[in-house]
Amino acid sequence: MGLLVNIDNGGTLTDICAFDGEKVVHAKTVTTPHDLTECLMNGLQALGDQLGQEGGLTPLIASIDHLRYSTTQGTNAIVQRKGPRLGLLVSGAAQVESARSAAPDLFEALVGDRVATIGDITEAQVIQAVRTLIAKGASRLVLCLDGKEAAKVEGDLRRTLYATFPRHLLGAVPLLFSTDLAPGASAQRRAWSGLLNAFLHPSMEQFLHHAEDRLRQHRTRNPLLVFRNDGGSTRVSRTIALHTYSSGPRGGAVGAAILASHYGFERFASIDIGGTTTDLALFEDGQVAEHRFGNIEGAPIAFPLADVPSIAAGGGSILSVTNGIIQVGPESMGALPGPACFARGGTNATLTDIMLLAGILDPASFFGGKLTLDIERARNAVCTHIAEPLDIDLDAAIVAAIDAYEAKIAGAIDGLAGDRGLDAMLAFGGAGPMSACGIAEKAGVDRVLVPRFAAVFSAFGIGFSPIRHRHSCKVDSFSADAVAKARRSLAEQAGRAMESEGFALKDCQTDWQAVLGDGDQAHSQPLADVSPDASGFVELNVVRDMPSIGLGPAFADQQHDAASAGMREAMGGMPLYRLEELDAGARATGPCLVEEQFFTAWIRPGWRFTVTGNHDLLIERKGD
C-alpha cells in the first residue's frame with residue numbers, strides 16, 4: 230500500500246500523522262493563518278523529513294494513496310466570531326424571533342440588524358430588501374422562507390435575484406438558498422444551517438480548492454479528502470463548509486473511542502487541548518453521543534453532529550486579570566503573533582508562557598527543538614498581566630494561573646459528566662498532557678490515558694475514518710410507495726456520490742434507516758419498524774472502509790522501573806523521562822515529567838505512570 234496521510238489544522242499548530250502499512254510517523258508545523266495552504270505544504274515537508282524522503286515534495290505527494298484533512302478553523306472562527314457579516318431574508322417577524330431566540334449571542338454576532346422580512350414576496354420587494362441588507366454591510370445573504378411552498382418560492386426568487394445581480398459581474402451578491410442546503414428541514418434549522426454555512430464558506434472554499442491545486446501540481450494520485458464532523462471523509466467537491474465545523478475535534482473523538490475500546494473504558498471523558506480551544510467529549514459505552522439534528526452554541530442545524538463542545542481555553546489563550554480574578558480566554562494569541570515566548574510580537578500572557586516559567590516546558594526541546602522559546606519575554610508578560618495586577622510575586626502568579634486554567638477545564642468536565650463517575654480521562658492535544666493530572670484531580674478522576682501520539686491525536690484519529698456519505702429524503706408518510714420512491718431517489722444520489730469518490734455503490738456498506746422526531750427527540754430506527762402513518766426522513770448511510778493504523782497490546786506483560794533521562798529544574802526539580810526511550814512496562818512515580826518530541830506530560834505528586842504495550846501513558850492516582 231502507499232502512504233496514508235492525515236492532517237489536522239489547528240489555530241496554532243498543524244499536525245500530521247502518516248501510516249505506511251508498518252509504522253506510524255508524525256510531525257507538526259506552525260499554522261499560517263494568512264494562508265493555510267502554506268502550513269499544509271510545510272507539514273508535508275516536515276513529514277518528508279521524518280521519512281527521510283529525498284527529492285522534494287513531488288515524490289512524497291506522488292507516493293500518497295489518500296490524504297485526509299481536518300480543521301479546527303471553523304470551530305475557532307465561530308468561538309471567536311471571526312467571519313463575514315451576514316444578512317438574512319425571511320418570510321416574517323416570527324421567523325426572525327425563532328432564529329434569534331435559539332442562540333441570541335450568536336445571532337447578534339453573525340447577523341445583528343441585517344435582517345429583512347419580505348412578506349407577500351413581490352420581486353421588487355425582494356430586490357429592495359437585498360439592497361438594504363448590502364447597504365447595512367452584509368457581504369453574504371441567506372434566504373430562508375417558511376411554508377409548504379418554500380422550496381418552489383425560493384427557486385423562483387433564485388432566478389429573479391441572479392437576473393438582477395448576475396454572478397459574473399462585480400456587483401454579484403453571494404446568496405445561499407436554505408432549501409438547497411437542507412431540503413425538508415424545519416425553517417429554523419434551515420435558517421441556522423444556512424447562516425453558519427455562509428459564515429464558514431468563504432475561507433473554507435478558498436483554502437480547500439487552493440490546497441487541491443497545489444497538491445495536483447505535485448502529482449497527487451487521488452483528490453484531497455476532507456474529514457467531516459460526522460466521522461467520515463469525502464472529497465472537497467462533495468463537502469459543505471458546515472461539515473468542517475468541529476471536524477478536528479471529531480477526529481480526536483474517533484481516536485478516543487478506538488483507544489478506549491482497546492483498554493476497556495466504557496464511561497470516560499476526553500479533553501483535547503490545543504492552542505485556542507479545549508474540546509470535550511463524554512463517552513457512554515465507549516461511544517460519543519451524536520445528535521441526528523445537532524446544534525452549535527444553541528443554534529439548531531439540519532445535520533448530524535457529535536456532542537464535542539469547545540471552550541475557549543488553550544495553550545495560547547490570553548490570561549488576564551479582571552476584578553482580582555484570573556480570566557482564561559476567550560481570546561487566543563494563535564500562531565501569529567503567538568504566546569509572548571514565541572518572540573513574534575505577542576505580549577500577552579498565555580498558559581505556554583506560564584508552563585515555560587514553571588520549568589515544565591524546556592526552551593531547548595520545545596516543538597522538537599525547532600521553535601526556541603524566550604523566557605525573558607514570557608516573564609515580562611506574566612509579570613505585567615498577572616503578577617502586578619494581583620500584587621503577588623512571579624512564583625505565586627504561576628501557581629495561580631495554572632490553578633485557574635485547570636479549574637476552568639475541570640468545571641466543564643463536571644458539567645458534561647454530571648454526578649456519575651468516570652472510568653478514565655483521555656488527555657491529548659499539544660497542551661493536554663502537561664495539565665492532565667491537575668485537571669483530573671479537580672474533576673475527581675483517578676485514571677488518565679495520554680496516547681503516544683497525543684500531540685497529533687486528532688490526525689491519528691482521522692486515520693480510522695472511512696469514506697462516508699449520508700443521504701436523506703423527507704417523506705410525509707412511510708407508506709410502501711413513499712418509501713420505495715425515496716429509496717430509488719437516494720440510491721441514485723448515493724451511486725453518483727460514491728462514483729465521484731472512485732468506488733461503486735455495490736462495493737460499499739449501506740444502511741437504510743427512518744429518522745423520526747426533531748431536536749433531542751430525533752432518533753433512527755429500521756424502516757420496517759415504522760408505522761406507515763408516521764412522517765420523517767428516509768436515510769441512507771454509505772460507507773467504504775479504508776486501511777487503518779494497527780495497535781499494539783493494551784498492557785505490557787511485565788513492569789519495571791523506568792530509566793530517567795536526567796533532572797529538570799521544574800517546580801522544585803523533578804526527574805525527566807523520554808517516552809521514545811522507555812520500553813513497554815516502564816513505570817515511575819510522580820512528581821516527574823515524561824517528554825515526547827511534541828508534548829510534555831506532567832505527572833503530579835500522588836500519581837504514577839506506566840507505559841502500555843501500545844506505548845501510551847497510563848497515569849493513575851496512587852492508593853493510600
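Residue numbers (the working numbering): 230 to 853. C-beta atoms are modelled at their ideal positions from N, C-alpha and C, and glycine is treated no differently.
Query raised in the report: Out of curiosity, what's the CA-to-CA distance linking Pro592 and Trp741?
Result: Position 363 of the sequence shown holds residue 592. Position 512 of the sequence shown holds residue 741. Computed Cα separation, rounded: 54 Å.
**Report entry** Counted within 10 angstroms of its Cβ, other Cβ atoms place Asp853 as buried (16 or more) or exposed
**Finding:** Mapped onto the sequence shown, residue 853 falls at position 624. Confidence is the limiting factor: at Asp853 the pLDDT is only 46, short of 50, which leaves the residue's position unreliable, though a coordinate-based value still follows. Asp853 comes out exposed.
Report task. Quickly, what does DSSP pair Arg443 with across the bridge? List them, please. Result -> Reading the sequence shown from its first residue, position 214 is the one you call residue 443. In the DSSP output, where bridge partners are listed per residue, Arg443 has none listed.
Query raised in the report: When DSSP labels each residue in this structure, what does Glu383 get in the three-state scheme?
Result: Sequence index remark: in the sequence shown, residue 383 carries index 154 (1-based). If DSSP states are grouped into helix, strand and coil, Glu383 belongs with the helices.
Query raised in the report: By Cβ distance, which residues of its chain are closer than 7 Å to Leu280, with the 5 residues on each side in sequence left out?
Result: Indexing the sequence shown from 1 puts residue 280 at position 51. So the list reads Val254, once near-sequence residues are dropped.
Query raised in the report: Among Asp459, Ser701, Asp620 and Ile363, which has the Cα closest to the Cα of Ala866?
Result: It is not possible to answer for residue 866, since the shown part of the chain is limited to 230 through 853.
Query raised in the report: Does the beta-carbon distance from Leu734 to Ala630 come in below 8 Å?
Result: The residue labelled residue 734 in the question sits at position 505 within the sequence shown. The residue labelled residue 630 in the question sits at position 401 within the sequence shown. Not a contact, by the Cβ cut-off of 8 Å.
Report task. Sort Pro403, Gly493 and His295 by Cα distance to Arg464 and report the nearest one. Result -> Residue numbering aside, residue 464 sits at position 235 when the sequence shown is read from its first letter. When only C-alpha atoms are compared, the closest one is His295.
**Report entry** Status (buried if at least 16 other CB within 10 Å, exposed otherwise) for His263
**Finding:** Indexing the sequence shown from 1 puts residue 263 at position 34. With fewer than 16 other Cβ atoms within 10 Å, it is exposed.
Query raised in the report: What is the DSSP secondary structure of Ser539, counted as helix, strand or coil?
Result: Translated into the one-based positions of the sequence shown, residue 539 becomes position 310. Strand.
Requested in this report: Please name the residue or residues paired with Phe406 in a DSSP beta bridge.
Outcome: The residue you call residue 406 lines up with position 177 of the sequence shown. Leu372, per the DSSP bridge assignment.
Report task. Look up Phe248 in the DSSP assignment and say whether it is helix, strand or coil. Result -> For the purposes of this step, residue 248 is taken as the residue at position 19 of the sequence shown. Here Phe248 sits in strand by DSSP.
Report task. Ignoring anything shorter than 3 residues or poking outside the stretch 637-672, list the beta strand (DSSP E) runs there in chain order. Result -> 653-657
Query raised in the report: Just how far apart, CA to CA, sit Ala510 and Ala751?
Result: The residue you call residue 510 lines up with position 281 of the sequence shown. The residue you call residue 751 lines up with position 522 of the sequence shown. Going from the Cα of Ala510 to the Cα of Ala751 covers about 20 Å.
Query - Extent of the continuous beta strand (DSSP E) run through Ala817 - result: Indexing the sequence shown from 1 puts residue 817 at position 588. First-last of the beta strand (DSSP E) with Ala817: Ala815 to Thr818.
Query raised in the report: Within 10 angstroms of its Cβ, does Leu399 collect 16 or more other Cβ (buried), or is it exposed?
Result: As a working note, residue 399 is residue 170 in the sequence shown. Classification for Leu399: exposed.
Query raised in the report: If Pro662 sits next to Thr829, beta carbons under 8 Å apart, how far is it from one beta carbon to the other, in whole angstroms?
Result: Position 433 of the sequence shown, counted from the start, is the residue given in the question as residue 662. Position 600 of the sequence shown, counted from the start, is the residue given in the question as residue 829. Going by Cβ atoms, the distance from Pro662 to Thr829 rounds to 6 Å, so yes, they are a contact pair.
Query raised in the report: To the nearest whole angstrom, what separates the beta carbons of Phe436 and Leu265, a pair I think is in contact under 8 Å?
Result: Start at 1 with the first residue of the sequence shown, and residue 436 comes out as number 207. Start at 1 with the first residue of the sequence shown, and residue 265 comes out as number 36. About 5 Å; that satisfies the 8 Å criterion.
Requested in this report: Determine the DSSP secondary structure at Asp758, reduced to helix, strand or coil.
Outcome: Numbered from 1 along the sequence shown, position 529 holds the residue referred to as residue 758. Note: Asp758 maps to helix in three-state DSSP.
Query raised in the report: Between Gly321 and Leu429, is the Cβ-Cβ spacing less than 8 Å?
Result: In the sequence shown, counting from the first residue as 1, residue 321 sits at position 92. In the sequence shown, counting from the first residue as 1, residue 429 sits at position 200. Their beta carbons are not under 8 Å apart, which means Gly321 does not touch Leu429 by this criterion.
**Report entry** Pick from Met727, Leu745 and Gly731 that is closest to Thr739, judged by C-alpha positions
**Finding:** Residue 739 sits at position 510 when you count from the first residue of the sequence shown. The residue with the shortest Cα to Cα distance from Thr739 is Met727.
Requested in this report: Assign Glu513 to one of three DSSP states: helix, strand, or coil.
Outcome: On the sequence shown, position 284 is the one that residue 513 refers to. Residue state, collapsed to three classes: strand.
**Report entry** Ala256, DSSP secondary structure in three states
**Finding:** As a first step, residue 256 must be located in the sequence shown, where it is residue number 27. Here Ala256 sits in strand by DSSP.
Query raised in the report: So, using beta-carbon positions, are Ala610 and Thr581 closer together than 8 Å?
Result: Position 381 of the sequence shown, counting from 1, holds the residue named residue 610. Position 352 of the sequence shown, counting from 1, holds the residue named residue 581. Against a cut-off of 8 Å, the Cβ pair of Thr581 and Ala610 comes out as no contact.
Query raised in the report: For Lys703, which residues does DSSP report across the bridge?
Result: Locating residue 703 in the sequence shown gives position 474, where the first residue counts as 1. Paired residues: Phe766.
Query raised in the report: What separation, rounded to the nearest whole angstrom, lies between the Cα atoms of Gly667 and Gly692?
Result: As a working note, residue 667 is residue 438 in the sequence shown. As a working note, residue 692 is residue 463 in the sequence shown. So the two alpha carbons sit approximately 30 Å from each other.
Query raised in the report: Just checking my contact of Ala269 with Ile236 at CB under 8 Å: how many whole Å lie between their CB atoms?
Result: Sequence index remark: in the sequence shown, residue 269 carries index 40 (1-based). Sequence index remark: in the sequence shown, residue 236 carries index 7 (1-based). Looking at the sequence shown, residue 269 is not Ala but Leu. Contact holds; Cβ gap of about 7 Å.
**Report entry** Residue span of the beta strand (DSSP E) that contains Gln738, given as start and end
**Finding:** Here residue 738 refers to the residue found at position 509 when the sequence shown is read from its first residue. Gln738 -> beta strand (DSSP E) spans Gln738 to Leu745.
Report task. Using three-state DSSP, classify His520 as helix, strand or coil. Result -> One-based indexing of the sequence shown puts residue 520 at position 291. In this structure, His520 counts as strand in the three-state DSSP scheme.
Query raised in the report: Among Ser327, Arg850, Val340 and Ala656, which has the Cα closest to the Cα of Ala416?
Result: Translated into positions along the sequence shown, residue 416 becomes position 187. Checking every option, the nearest Cα to that of Ala416 belongs to Ser327.
Query raised in the report: Can you give the Cα-Cα distance for Arg445 and Gly640, rounded to whole angstroms?
Result: Residue mapping note: residue 445 aligns to position 216 of the sequence shown, counting from 1. Residue mapping note: residue 640 aligns to position 411 of the sequence shown, counting from 1. Near 46 Å, if we compare the C-alpha coordinates of Gly640 and Arg445.
Requested in this report: Evaluate Gly303 with the Cβ neighbour count: other Cβ atoms within 10 Å of its Cβ, from every protein chain shown; 16 or more gives buried, anything less gives exposed.
Outcome: Start at 1 with the first residue of the sequence shown, and residue 303 comes out as number 74. Buried.
Report task. Just grab the DSSP bridge partners of Gln915 for me. Result -> Given a span of 230 to 853 for the chain in the structure shown, any question on residue 915 remains unanswerable.
Query raised in the report: Are three or more beta carbon pairs between the stretch 778-790 and the stretch 827-843 nearer than 8 Å?
Result: yes
Query raised in the report: Taking the alpha-carbon positions, what's the Ala587 to Glu798 distance?
Result: Sequence index remark: in the sequence shown, residue 587 carries index 358 (1-based). Sequence index remark: in the sequence shown, residue 798 carries index 569 (1-based). Taking the straight line from one Cα to the other gives about 9 Å.
**Report entry** Glu824, DSSP secondary structure in three states
**Finding:** Walking along the sequence shown from the start, residue 824 turns up at place 595. Note: Glu824 maps to strand in three-state DSSP.
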